[in-house]
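Residue numbers (the working numbering): 11 to 259.
In this text, a Cβ means the ideal position worked out from N, Cα and C, and glycines have one as well.
Reviewing the structure listed below.
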Ligand SMILES: NC(=O)c1ccc[n+]([C@@H]2O[C@H](COP(=O)([O-])OP(=O)(O)OC[C@H]3O[C@@H](n4cnc5c(N)ncnc54)[C@H](OP(=O)(O)O)[C@@H]3O)[C@@H](O)[C@H]2O)c1
């Protein structure tokens, strides 16, 4: 069987955990050459060890110069860039009254400005390859949750930014988003920490879906592969919901 990403050069942010790590694994298995991003060096190095030929560059996506460095190093090493898979994200928990202004800005910078930063540096190169950008948004773009004001705002704005970039850079670059429902990752457990009984809250999130289970990082990686591969060459400017049906429950 042909590999779907043979020799495609791909940056994956948020690759040290959860969905980003699952995406990196699947893309690697499908022949991609990977540059992986995250702050945690220990976890990043362990992913790179597993995914032979990959590079890990530690840094904070809310820093514009780190994004520039990420793109520059990718091109220096692999001479091109085909795919940018943007997964890094944080919750910034706290209601509007209680959330510290510093934490509001950190969440905006990590979840939203970072998309602008990496796209800004990657797009000139992606245009040469007719490449693609895939943003990991959330159903929080469409449905609100208590204690997640910064998160909901950034996820809705990331979809607006995705659509704008799809318009601006078509037909050379395709830009899409995924909007997952509850997926079993460390972030979901952090989100549940806002509840009295986190284990019950996580279990209830799974039960609340039409398909009666949480998503797995691998469920999301399969959609990511579809959206960055030649299987979806007529798809741009769209957000695909992948939520076990929870938005319709
Ligand atoms: N889990 C869910 O239910 C769910 C649902 C919908 C959407 N999402 C979205 O899916 C994406 C992936 O989340 P996940 O659930 O897989 O969470 P996760 O397991 O906590 O992973 C988050 C990733 O983001 C990275 N990251 C966070 N802040 C960063 C920063 N400032 N600079 C660089 N990297 C940073 C983390 O790396 P380091 O710790 O190494 O920095 C980690 O690799 C996020 O955008 C999230 O909003 C999650």
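Check whether residue i and residue j have beta carbons under 8 Å apart
i: residue 57; j: residue 83; result: no
i: residue 35; j: residue 61; result: yes
i: residue 95; j: residue 67; result: no
i: residue 77; j: residue 99; result: no
i: residue 224; j: residue 28; result: no
i: residue 156; j: residue 109; result: no
i: residue 237; j: residue 118; result: no
i: residue 23; j: residue 97; result: yes
i: residue 165; j: residue 150; result: yes
Close beta carbons around residue i, own chain, < 6 Å, minus the five adjacent residues each side
i: residue 42; result: 15, 18, 20
i: residue 176; result: 185, 246, 247
i: residue 256; result: 191, 218, 219
Other residues of its chain near residue i: CB distance less than 8 Å, five sequence neighbours each side excluded
i: residue 167; result: 122
i: residue 230; result: 29, 32, 33, 146, 188, 190, 193, 252
Interface flag, residue i vs chain D, CB-CB below 8 Å
i: residue 62; result: No chain D appears in the structure shown, which is made up of a single protein chain.
Beta-carbon contacts of residue i that lie in its chain and below 7 Å, excluding the five residues immediately before and after
i: residue 106; result: 159
Residue ranges of each beta strand (DSSP E) run of no fewer than 3 residues wholly in the region 32-84, ordered along the chain?
43-48, 65-68
Taking 8 Å as the cut-off, does the region 131-145 touch the region 208-217 (at least 3 CB pairs, one atom from each stretch)?
no
Quick one: any contact between the region 176-195 and the region 236-253, if contact means 3 or more CB pairs under 8 Å?
yes
Segments of 3+ residues assigned as beta strand (DSSP E) that fall wholly inside the region 114-174
142-146
Entirely enclosed beta strand (DSSP E) segments - the region 171-197, minimum 3 residues
184-190
Write down every uninterrupted run of the alpha helix (DSSP H) in the region 209-249 whose length is 4 residues or greater and which is fully enclosed by it, in chain order.
227-238
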